[in-house]
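A.B. asks:
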Amino acid sequence: MSATSTEAPTGGLRERKKAQLHDALLDTALRLFHEHGYQATTTEEIAARVGVSQRTFFRYFPSKEDILLEALEGVDRHLFDALRERPGDEPPLLALRNALSDQWDRVERASMLLRGGAAKLMKQNPELMAAHMRYCHVRQKKLAAVVAERVGVDPVADPRPDLVAAVFYAAVNTGVGAWVAADADFDDLPRTCLAQLDLLPEVLDDDWSTPG
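Quick note, the sequence shown lines up with residues 1 to 212 if you use full-length UniProt numbering.
(1) What does the Cβ neighbour count give for A182, buried or exposed, with the cut at 16 atoms within 10 Å?
(2) Is the separation between the beta-carbon of T192 and that of A171 shorter than 8 Å?
(3) To the nearest angstrom, report how far apart A19 and D81 are at their CA atoms.
(4) How would you write the range of the alpha helix (DSSP H) that L96 sits in, first residue to last?
(5) Report yes or no: do three or more beta-carbon pairs, one from the region 133 to 146 and one from the region 56 to 64, lie closer than 8 Å?
(6) F58: buried (16+ other C-beta within 10 angstroms of its C-beta) or exposed?
(7) Roughly how many angstroms separate the alpha carbons of Q39 and V107, rounded to a whole number?
(8) Only counting the same chain, and skipping five residues up and downstream in sequence, which positions put a Cβ closer than 6 Å to that of E70?
(9) Which residue from T56, P87, D102, E90 puts its Cα closest to that of R77?
(10) What are the start and end residues of the alpha helix (DSSP H) that includes G177?
(11) What are the start and end residues of the alpha helix (DSSP H) that includes D76?
(12) DSSP state of Q39, grouped into three classes?
(13) My output table needs one value for D188: the three-state DSSP class, helix, strand or coil.
(14) Going along the chain, which residues of its own chain have a beta-carbon closer than 6 Å to the beta-carbon of G175, five neighbours each way excluded?
(15) Starting from P87, trace the alpha helix (DSSP H) both ways and give me its first and last residue.
(16) Given that a residue counts as buried once 16 or more other Cβ atoms are within 10 Å of its Cβ, and exposed if not, what is R55?
(17) Is F57 helix, strand or coil when you go by DSSP?
(18) In this structure, does DSSP put A19 in helix, strand or coil?
(19) Considering only the alpha carbon of each residue, which of L121, T43, D89, P92 lies closest to L68?
(20) If you follow the alpha helix (DSSP H) that P126 is part of, which residue opens it and which one closes it?
(21) How many Å lie between V153 and R160 at the Cα?
(22) At the level of alpha carbons, what is the spacing between L204 and V52?
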C-alpha cells in the first residue's frame, strides 16, 4: 500500500473526528446555556460535559460568545442555501420569505431549536449586544451578496440587494423580538417571523388606513 493511500483515510478520519467534537461542543454549550443561563455556564463546565480539557475547548471556540455567533451563522447558512434553491422568477423579498419557510421545514427541529435559540440568548444578555450588532452587519452583507448573485447584479454598484437584505432582517428581527418578549414556545418563532414578512407590502404602501 502506498504512503498516499495510507494517509488519505487517516486524514479523513481525523477531520471527521474534529468535526464531531466541534459539533458536540457547540450543541452541549447551547443546551447548557438554555438550561442554566449564558452567564452561569462556564467553559470548564462545557468542556467537562463533553469530556475534553478546557484547553481543547479553546482550540475550537475562543469564547462562549463565539459559540452563539457560530450557531447564528449555521442558521443563516441554511437560509442562504434555501434562497439559492428558490425559483429564479420569484421577486427577491418573496423568495426570501419562502426560503425562510423552507429552511424551517427542512432542518431537523432539534438542531434548529438549539441554534435558533441563540438569537434569544443574544437578546437576553446585554453584554452580547455589541457582538450581535457586528454579526448582524456582516450577515446583511452576506445575504446581499447572495441576492445580487441570484438576480445578476453587482452588489457594490447596485444598492438594491443591500436594501432587500436590510428590510428582510429588519422584519425577522422584529419577529424575534416579539417572540422573545412573549416568551412563546419555539414553534411560534417561524410563524411570528413569517407574519412580519407578510406585513411588508402593507408597511411599504403609502396607505396605512387599515391596521396590520
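Beta carbons are placed, not taken as given, at the ideal position from N, Cα and C, and that holds for glycine.
C.D. replies: In short:
(1) One-based indexing of the sequence shown puts residue 182 at position 182. It counts as exposed.
(2) Taking the first residue of the sequence shown as position 1, residue 192 is located at position 192. Taking the first residue of the sequence shown as position 1, residue 171 is located at position 171. Contact flag unset, no.
(3) Reading the sequence shown from its first residue, position 19 is the one you call residue 19. Reading the sequence shown from its first residue, position 81 is the one you call residue 81. Distance between the alpha carbons of A19 and D81: 20 Å.
(4) Here residue 96 refers to the residue found at position 96 when the sequence shown is read from its first residue. Residues 92 to 106.
(5) These segments do not touch.
(6) Within the sequence shown, residue 58 is the residue found at index 58, counting from 1. In summary, F58 is exposed, with fewer than 16 beta-carbon neighbours lying within 10 Å of its beta-carbon over all protein chains present.
(7) Indexing the sequence shown from 1 puts residue 39 at position 39. Indexing the sequence shown from 1 puts residue 107 at position 107. Going from the Cα of Q39 to the Cα of V107 covers about 28 Å.
(8) Translated into the one-based positions of the sequence shown, residue 70 becomes position 70. Counting only Cβ-Cβ distances below 6 Å, and skipping sequence neighbours, we find nothing.
(9) In the sequence shown, counting from the first residue as 1, residue 77 sits at position 77. With distances taken between Cα atoms, R77 lies closest to D102.
(10) Along the sequence shown, one-based indexing puts residue 177 at 177. From DSSP, the alpha helix (DSSP H) with G177 extends over 160 to 182.
(11) Here residue 76 is taken as the residue at index 76 of the sequence shown, counted from 1. Start and end: 64 to 84.
(12) Indexing the sequence shown from 1 puts residue 39 at position 39. Reduced to three states, the DSSP call for Q39 is coil.
(13) Along the sequence shown, one-based indexing puts residue 188 at 188. Note: D188 maps to helix in three-state DSSP.
(14) What you label residue 175 is simply residue 175 of the sequence shown in a count that begins at 1. Result list for G175: T192, C193, Q196, in chain order.
(15) Walking along the sequence shown from the start, residue 87 turns up at place 87. It is not in any alpha helix (DSSP H) - P87 carries neither H nor E in the DSSP assignment.
(16) The residue you call residue 55 lines up with position 55 of the sequence shown. Exposed, because fewer than 16 other Cβ atoms sit within 10 Å of the Cβ of R55.
(17) On the sequence shown, residue 57 is found 57 positions in, with the first residue counted as 1. Helix at F57.
(18) As a first step, residue 19 is located in the sequence shown; it is residue number 19 there, counting from the start. Of the three classes helix, strand and coil, the one that applies to A19 here is helix, per DSSP.
(19) As a working mapping, residue 68 is identified with position 68 in the sequence shown. Nearest C-alpha to L68: L121.
(20) Walking along the sequence shown from the start, residue 126 turns up at place 126. Segment: none, P126 is in no alpha helix (DSSP H) and carries neither H nor E.
(21) In the sequence shown, residue 153 corresponds to position 153, counting from 1. In the sequence shown, residue 160 corresponds to position 160, counting from 1. Computed Cα separation, rounded: 9 Å.
(22) For this step, residue 204 is matched to residue 204 along the sequence shown. For this step, residue 52 is matched to residue 52 along the sequence shown. One C-alpha to the other measures close to 52 Å.
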